[in-house]
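Only one structure is covered here, and it is reproduced in the block below.
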Amino acid sequence: MAEPNAMVLATVEPSGAPRVRTVLLKGYDRSGLRFFTNYTSRKGRALAGEPRVGAVFPWHPIRRQVVISGRVEYLSDEENDAYFARRPRGSQIGAWASERQSSRVEGRAELDALYAQFDSVWPEGEEIPRPAYWGGFRIRPVEVEFWQGRPDRMHDRFRYLLVGGDPADETWEIDRLSP
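Under this note's numbering, the first residue of the sequence shown carries the number 810, and numbering increases by one thereafter.
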């Protein structure tokens, strides 16, 4: 399956309108799911203003999906630096070149020129620092639904609902939902 870590992330714009886009899950543990982005992008600004999110992993080829609702929190500088250091050099340069992510550009040539400009700043093999405007978020789930497609639309659906408000408590109510 191509990009099984691709999740469709829904945020709330400052206007109150919903907005969706695909981001890549880059890690998870008991504290939540991690993804990285430009904090000044449209997505980053939306998350700064309204931390409630929804996400879905649409695994259509295997007739499954996972739907998550929760809140985001910023990752620490240590977590951001550690992940950034593991990224391929081209992706690191791309983070610098896309400082104005989500803003209008005149064309591909402008993007390529920005990339070339930052590529020349750090010679091959030199450590590239993480831009201050780039980092990660952790989604702390409060609800997770697992869906398995079945014949005749009689799908299996299981919802895990956090009771008490803290994922660290590990108190989840599990329900089977009608298809």
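Note that beta-carbon positions come from the ideal geometry of N, C-alpha and C, so glycine has one too. Everything numeric in this text was worked out from a predicted model, so none of it was measured.
Strand pairing of residue i, partner residues [DSSP]
| i | result |
| --- | --- |
| Q957 | R873 and D965 |
| A826 | Per DSSP, none; premise fails for A826. |
| G863 | A819 and S878 |
| L971 | W981 |
| N847 | W943 |
| V832 | M816 |
| Y883 | F946 |
| W868 | R873 |
Proximity to residue i [Cα-Cα], best of the options
| i | options | result |
| --- | --- | --- |
| W905 | A826, I937 and R828 | I937 |
| E812 | T831, G879 and R895 | T831 |
| G973 | N814, D965, E982 and R880 | E982 |
| L834 | E915, R909, S824 and V865 | V865 |
| V821 | D838, R839 and G853 | G853 |
| R873 | H964, A826 and Q910 | H964 |
| T846 | G958, Y969 and R939 | R939 |
| R839 | P950, G958 and L970 | P950 |
| Y837 | P988, N814 and V930 | N814 |
| G841 | L856, G879, W931 and R851 | G879 |
| T980 | D921, E952 and S912 | E952 |
| S911 | D984, V930 and Y848 | Y848 |
Three-state secondary structure (DSSP) of residue i
| i | result |
| --- | --- |
| E933 | coil |
| Y837 | strand |
| A811 | coil |
| A941 | coil |
| E952 | strand |
| L986 | strand |
| L842 | strand |
| E919 | helix |
Contact belief for residue i with residue j at Cβ below 8 Å, rounded distance in angstroms
| i | j | result |
| --- | --- | --- |
| E887 | R947 | Not a contact, Cβ separation roughly 13 Å. |
| E908 | Y942 | 6 Å |
| G945 | L884 | 4 Å |
With 16 other Cβ atoms within 10 Å as the buried cut-off, status of residue i
| i | result |
| --- | --- |
| Q926 | exposed |
| P902 | First, the residue type needs correcting, since residue 902 is Ile and not Pro in the sequence shown. Label assigned to I902: buried. |
| R843 | buried |
| G858 | exposed |
Residue i: CB within 6 Å of a non-hydrogen atom of the ligand COA
| i | result |
| --- | --- |
| A811 | For the structure depicted, the ligand COA is absent and the ligand set is empty, with no information on it obtainable. |
C-beta neighbour in chain C for residue i, strict 7 Å
| i | result |
| --- | --- |
| N847 | Annotation note: the requested chain C is absent from the structure, which comprises a single protein chain. |
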